[in-house]
Amino acid sequence: MFTFSKAHVLLSLALRRVILLLDGAIAASVCYGVLPTAAQIIPDRTLPNPSRVVTGDRAVEIEGGTQRGGNLFHSFTEFSIPTNGEASFSNPETVNQIVTRVTGGKRSDIDGMLRANGSAHLILINPAGIHFGANARLEIGGAFLGTTARSLEFADGTSFDAVNPRERPLLTVSVPIGLNLGVESGNIQIDGSGHQLARVVPGMSPAIEVGANEGGLRARSLAFVGSEIALSGGIVRSSGGAIEFASLRRGTIAVNPDATGWNLGTGALADYGNVTLTRRALVDSSGAPSGPIRVVARRLNAEDGSVFFAQNRGSEASGAIALHATDAIQLTGSTAGDNIGSGAIAETFATGSGADISLSSPIVQLVDGGKIESFSFGSGSGGAIEIVASQQIDLFGTSPLNPLATSRVMTISADMGIAGAIDLMTPRLSLSDGAVISSIARGLAPSGALRINASEKISIHGFNSFDRNNFQPSILGSSTFGEGHAGTVEIQTAQLSLSEGARISSSTFASGDAGNIRIAVAERIELSGELPGSILPTTIESGAVGLDSFTRQLLAVPEFPTGAGGTVRLSASELRVTDGARIDVKNDGTGNGGQLEIVVGNLLLRDRGSLSATTTSGEGGNIEIAVAGRLQLQGGSTIATSAGGTGNGGNLRLSSPTIAALGNSDLVANAVAGRGGNIAIDTQGLFGIEFRDRPTPQSDITASSQFGLSGTVTLANPEVNDPSKLVDLPTGIVEPRDRLVTGCSPGENRFTVTGRGGLPFGPDAVGASDRPWQDLQDFSDSSSSFHSDSSPTIARGHSRGIRVPDGDRLEEAKGWVKDRSGTVHLLVDRVDRSPFATGDRPETCGNLTIESFRF
Numbered sequence: 001m002f003t004f005s006k007a008h009v010l011l012s013l014a015l016r017r018v019i020l021l022l023d024g025a026i027a028a029s030v031c032y033g034v035l036p037t038a039a040q041i042i043p044d045r046t047l048p049n050p051s052r053v054v055t056g057d058r059a060v061e062i063e064g065g066t067q068r069g070g071n072l073f074h075s076f077t078e079f080s081i082p083t084n085g086e087a088s089f090s091n092p093e094t095v096n097q098i099v100t101r102v103t104g105g106k107r108s109d110i111d112g113m114l115r116a117n118g119s120a121h122l123i124l125i126n127p128a129g130i131h132f133g134a135n136a137r138l139e140i141g142g143a144f145l146g147t148t149a150r151s152l153e154f155a156d157g158t159s160f161d162a163v164n165p166r167e168r169p170l171l172t173v174s175v176p177i178g179l180n181l182g183v184e185s186g187n188i189q190i191d192g193s194g195h196q197l198a199r200v201v202p203g204m205s206p207a208i209e210v211g212a213n214e215g216g217l218r219a220r221s222l223a224f225v226g227s228e229i230a231l232s233g234g235i236v237r238s239s240g241g242a243i244e245f246a247s248l249r250r251g252t253i254a255v256n257p258d259a260t261g262w263n264l265g266t267g268a269l270a271d272y273g274n275v276t277l278t279r280r281a282l283v284d285s286s287g288a289p290s291g292p293i294r295v296v297a298r299r300l301n302a303e304d305g306s307v308f309f310a311q312n313r314g315s316e317a318s319g320a321i322a323l324h325a326t327d328a329i330q331l332t333g334s335t336a337g338d339n340i341g342s343g344a345i346a347e348t349f350a351t352g353s354g355a356d357i358s359l360s361s362p363i364v365q366l367v368d369g370g371k372i373e374s375f376s377f378g379s380g381s382g383g384a385i386e387i388v389a390s391q392q393i394d395l396f397g398t399s400p401l402n403p404l405a406t407s408r409v410m411t412i413s414a415d416m417g418i419a420g421a422i423d424l425m426t427p428r429l430s431l432s433d434g435a436v437i438s439s440i441a442r443g444l445a446p447s448g449a450l451r452i453n454a455s456e457k458i459s460i461h462g463f464n465s466f467d468r469n470n471f472q473p474s475i476l477g478s479s480t481f482g483e484g485h486a487g488t489v490e491i492q493t494a495q496l497s498l499s500e501g502a503r504i505s506s507s508t509f510a511s512g513d514a515g516n517i518r519i520a521v522a523e524r525i526e527l528s529g530e531l532p533g534s535i536l537p538t539t540i541e542s543g544a545v546g547l548d549s550f551t552r553q554l555l556a557v558p559e560f561p562t563g564a565g566g567t568v569r570l571s572a573s574e575l576r577v578t579d580g581a582r583i584d585v586k587n588d589g590t591g592n593g594g595q596l597e598i599v600v601g602n603l604l605l606r607d608r609g610s611l612s613a614t615t616t617s618g619e620g621g622n623i624e625i626a627v628a629g630r631l632q633l634q635g636g637s638t639i640a641t642s643a644g645g646t647g648n649g650g651n652l653r654l655s656s657p658t659i660a661a662l663g664n665s666d667l668v669a670n671a672v673a674g675r676g677g678n679i680a681i682d683t684q685g686l687f688g689i690e691f692r693d694r695p696t697p698q699s700d701i702t703a704s705s706q707f708g709l710s711g712t713v714t715l716a717n718p719e720v721n722d723p724s725k726l727v728d729l730p731t732g733i734v735e736p737r738d739r740l741v742t743g744c745s746p747g748e749n750r751f752t753v754t755g756r757g758g759l760p761f762g763p764d765a766v767g768a769s770d771r772p773w774q775d776l777q778d779f780s781d782s783s784s785s786f787h788s789d790s791s792p793t794i795a796r797g798h799s800r801g802i803r804v805p806d807g808d809r810l811e812e813a814k815g816w817v818k819d820r821s822g823t824v825h826l827l828v829d830r831v832d833r834s835p836f837a838t839g840d841r842p843e844t845c846g847n848l849t850i851e852s853f854r855f
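Mapping to the UniProt record's numbering: the sequence shown position 350 is 350, numbers consecutive.
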């Protein structure tokens with residue numbers, strides 16, 4: 001019994017040991033089952049020569065398929081690659097493109113490596129959707145097209161359908177020309193850990209990868225066509241080829257073969273979907289040269305520092321970045337600390353030009369640090385930026401992760417390449433919260449032109465406060481920090497409004513010249529206010545600007561700018577400059593001032609509003625203002641040209657029917673050591689202001705110099721009626737018969753006086769008679785009845801004569817005065833030259849006696 005029991009125990013222990021070993025083997029088998037396995041790729045056997053899958057430990061080799069010419073067709077029920085798995089197409093060298101469809105209705109999840117031999121293109125079609133995980137990679141010599149379309153259309157009219165695959169499909173040697181997304185297509189999702197782009201000097205140095213980040217999907221060129229396309233930290237890179245995203249829920253889209261793969265056309269009868277980039281997603285076509293990037297969608301959203309990026313490292317021109325949405329484009333936010341904003345960036349390092357960037361949509365918004373930027377760091381020209389919005393363009397907000405990251409559209413030249421131009425076309429443009437639209441030159445080349453056409457309104461206001469002592473106003477303009485000139489700024493709109501320190505400017509901080517500013521407004525231009533908490537006014541300005549020492553060192557610019565100021569030309573129905581705002585041309589350095597030219601219907605300067613042309617040491621700038629209606633200055637407002645140092649004051653020319661100045665508002669053309677400027681005023685009425693040799697608390701017109709000669713003030717008043725400047729009278733002899741009427745009956749005569757013509761007398765002028773008496777008798781005959789002691793007689797009626805002293809010559813009176821006794825005297829001389837003007841009796845004036853008479 002004991003022996004049995006002992007044997008039983010030993011047997012039990014042995015069996016348990018075997019069971020434990022078996023359990024361990026099973027457990028090990030289960031554990032190994034969670035490790036990467038072969039890809040889940042299952043052929044569907046709908047092709048004449050079905051696809052074959054050879055499964056290895058972790059890799060899958062795809063063989064077989066049906067070849068027609070350069071096309072190799074594959075068809076699968078499922079097509080997925082697990083994490084770190086691999087799937088490779090084994091294709092002959094004669095294959096140009098591999099066309100793969102998934103017919104089982106299950107989404108393709110690709111989180112490993114997908115390969116193709118040689119330089120063949122790869123097309124993956126799955127109507128149920130395609131998901132690329134964070135570990136997904138492409139190793140393809142050609143181009144890649146991933147789509148959720150139902151079928152691929154060929155040039156000969158055949159199609160390769162993934163929804164209704166026929167058992168014996170008509171396969172073709174023809175090239176693909178289009179995609180049919182049917183009624184409802186699946187989505188495309190691309191995940192990843194996001195890019196690590198950064199700039200050593202924010203806004204001024206190239207964007208580089210600060211960490212090893214070669215992940216994502218890479219091919220010669222790539223295209224994605226699906227209902228909704230989302231990149232969540234996903235990275236898509238081409239080797240200088242095109243990258244395209246087309247979001248279509250239904251409809252068809254053209255596929256045009258090109259040298260690098262395909263070029264997607266526009267959708268036909270398309271219902272567009274959305275394209276969304278989040279979590280620092282990256283679409284990168286950099287190369288030598290960089291390739292084009294094209295997006296078409298209903299809505300395009302890029303967030304969290306997600307970027308469309310094209311960096312040209314070659315000598316050929318870059319492909320363009322073209323973003324199109326039928327509803328809206330919104331670029332929002334930035335990365336933390338490195339100032340890479342959501343949006344589009346184009347750069348060039350060599351002789352090839354940078355990529356042009358174009359956005360077209362009804363609404364385009366750059367929000368909380370969103371950016372569109374073009375840089376030239378070599379001799380190649382920077383790419384141009386064009387934004388066309390049929391409703392509005394808005395730039396506003398600051399990144400919550402980086403207070404320096406404001407929303408902006410910018411082109412920059414850092415070396416010898418010209419900065420790209422900026423063109424915006426929209427009904428309404430709005431900049432706020434420190435937003436910037438600008439072209440900048442930092443090297444030898446000029447900055448680009450800035451052209452804006454807003455058919456309804458442009459509004460620029462608000463600021464970004466970095467801290468209590470640093471502010472960034474909203475800015476629209478151009479500038480230079482080097483030898484290159486600043487570009488021109490051209491604006492056309494119906495209404496233009498600036499406030500809270502906003503600026504439109506073209507500036508130089510070094511040796512390059514400031515650019516010209518031309519603004520044409522159909523209705524009103526209004527500038528008001530200052531930057532809150534500072535002394536920075538709302539401004540339209542072209543000039544050479546001096547900077548503080550800290551900023552000069554930071555930007556490596558000289559102590560005094562040597563470039564010249566530009567010209568500012570404004571035209572509008574109405575111009576209002578109020579609450580400390582100003583429009584000016586200036587030069588804080590050694591150069592001359594610019595030119596300010598204004599043509600408006602009405603002009604109002606109120607509460608310290610100013611128009612000025614100033615210099616520190618050069619010749620003063622000039623101001624020319626033509627106002628068709630009223631020119632009003634109120635509350636300490638000024639129109640001034642001034643020159644510091646030895647420079648002469650500039651010239652000020654005003655033309656307006658009426659000019660009114662109240663509350664210590666001045667017209668000034670002053671200098672320090674040079675000659676004072678000249679002021680020329682052409683007006684019919686000048687009210688509340690007068691010429692003085694120095695400023696006073698009243699409203700003044702001054703053209704003085706502190707140590708030099710004063711300038712001149714010229715007033716042209718068309719109301720002045722100077723008798724010496726009357727037009728010449730006719731010299732022809734009047735025929736008396738044309739002026740007399742005979743045969744009048746006695747006592748029935750009438751004489752009508754209509755009055756004088758021409759301009760009326762001024763209120764301070766002495767009136768002249770408009771009905772002078774003229775005797776038609778001939779006094780030249782000595783035998784007439786004219787005697788020294790008797791009066792001439794008139795044939796009819798009784799009369800009393802007129803006595804004229806002998807020896808006096810008859811002359812027409814040109815004026816009259818009244819002496820101290822109240823006697824009125826008719827004068828031959830002008831009134832203002834008569835001694836009666838001072839109250840003295842003229843010694844040479846004879847007596848004149850007028851006696852009554854009747855016919």
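Backbone N, C-alpha and C define an ideal beta-carbon position, used for all residues, glycine too.
- The beta carbon of A556 sits closer than 8 Å to the beta carbons of F481 from its chain, once the five residues preceding and following it are set aside; these are given in chain order.
- F309 is bridged by DSSP to D284, I345.
- Listed in chain order, the non-local C-beta contacts of R280 below 7 Å within the same chain comprise G194, H195, G233, D304, G305, S306, T335, local neighbours out to five positions each way being set aside.
- Contact between R582 and S610 is confirmed by a C-beta separation of about 4 Å, below the 8 Å threshold.
- Of all C-beta pairs linking the stretch 569-583 to the stretch 534-542, three or more are shorter than 8 Å, placing the two stretches in contact.
- Given a length threshold of 3 residues, each whole run of the beta strand (DSSP E) inside the stretch 425-508 is given here in chain order: 436-441, 450-460, 463-467, 470-473, 475-480, 489-499, 503-508.
- Beta-bridge partners of I540 (DSSP): I504, I583.
- Within the model, the alpha-carbon separation for A520 versus V577 is close to 16 Å.
- The stretch 508-520 makes no contact with the stretch 598-618; the number of CB pairs closer than 8 Å stays below 3.
- Note on geometry: alpha-carbon atoms of I385 and T493 lie some 20 Å from one another.
- F132 is positioned such that its CB atom lies no closer than 7 Å to that of I98.
- Contact between A389 and I363 is confirmed by a C-beta separation of about 6 Å, below the 8 Å threshold.
- Remark: C-beta atoms of F691 and I701 approach each other more closely than 7 Å.
- For S290, there is no enclosing beta strand (DSSP E), as DSSP gives it neither H nor E.
- DSSP places S549 in the uninterrupted alpha helix (DSSP H) bounded by 549-555.
- Shown here for G589: same chain residues with a beta carbon closer than 6 Å to its own, the five before and five after excluded, namely A544, F560, P561, T562 in chain order.
- Pairwise C-beta distances place the stretch 180-190 in contact with the stretch 245-257, as three or more of them are shorter than 8 Å.
- In the structure shown, the three-state DSSP call for I639 is strand.
- By the Cβ rule, the stretch 71-81 counts as touching the stretch 45-60, because three or more pairs are nearer than 8 Å.
- The beta carbons of T398 and G370 sit about 11 Å from each other, so the pair does not count as a contact at 8 Å.
- T66 carries a strand assignment under DSSP once its states are collapsed to helix, strand and coil.
- Note: D258 is bridge-paired with G261 in the DSSP secondary-structure output.
- A Cβ-Cβ separation of about 13 Å leaves N622 out of contact with N587 under the 8 Å criterion.
- Residue state for K106 is assigned as coil, using DSSP reduced to three classes.
- Scanning its chain for C-beta atoms nearer than 6 Å, with the 5 sequence neighbours on each side dropped, one finds around T351 the residues S315, S379, G380, in chain order.
- The C-alpha of A703 is placed about 11 Å away from the C-alpha of N648.
- Taken atom to atom, the span from the alpha-carbon of V200 to that of A346 is near 17 Å.
- In the structure shown, M113 adopts extended strand secondary structure according to DSSP, grouped into three states.
- Under the three-state reduction of DSSP, M410 is assigned to strand.
- If you ignore the 5 residues before and after S573, its C-beta comes within less than 8 Å of the C-beta of V521, A522, E523, R524, V600, G601, N602, all in its own chain and listed in chain order.
- For T276, the three-state secondary structure derived from DSSP is strand.
- A residue is called buried once 16 or more other Cβ atoms fall within 10 Å of its Cβ, and P43 is buried on that count.
- Take the alpha-carbon of E244 and the one of L531: they are about 43 Å apart.
- Around the beta-carbon of F463, 16 or more other beta-carbon atoms lie within 10 Å, marking it buried.
- Counting the other Cβ atoms within 10 Å of the Cβ of I130 gives 16 or more, which makes it buried.
- For H121, the closest of I659, S151, L476, F89 by C-alpha to C-alpha distance is F89.
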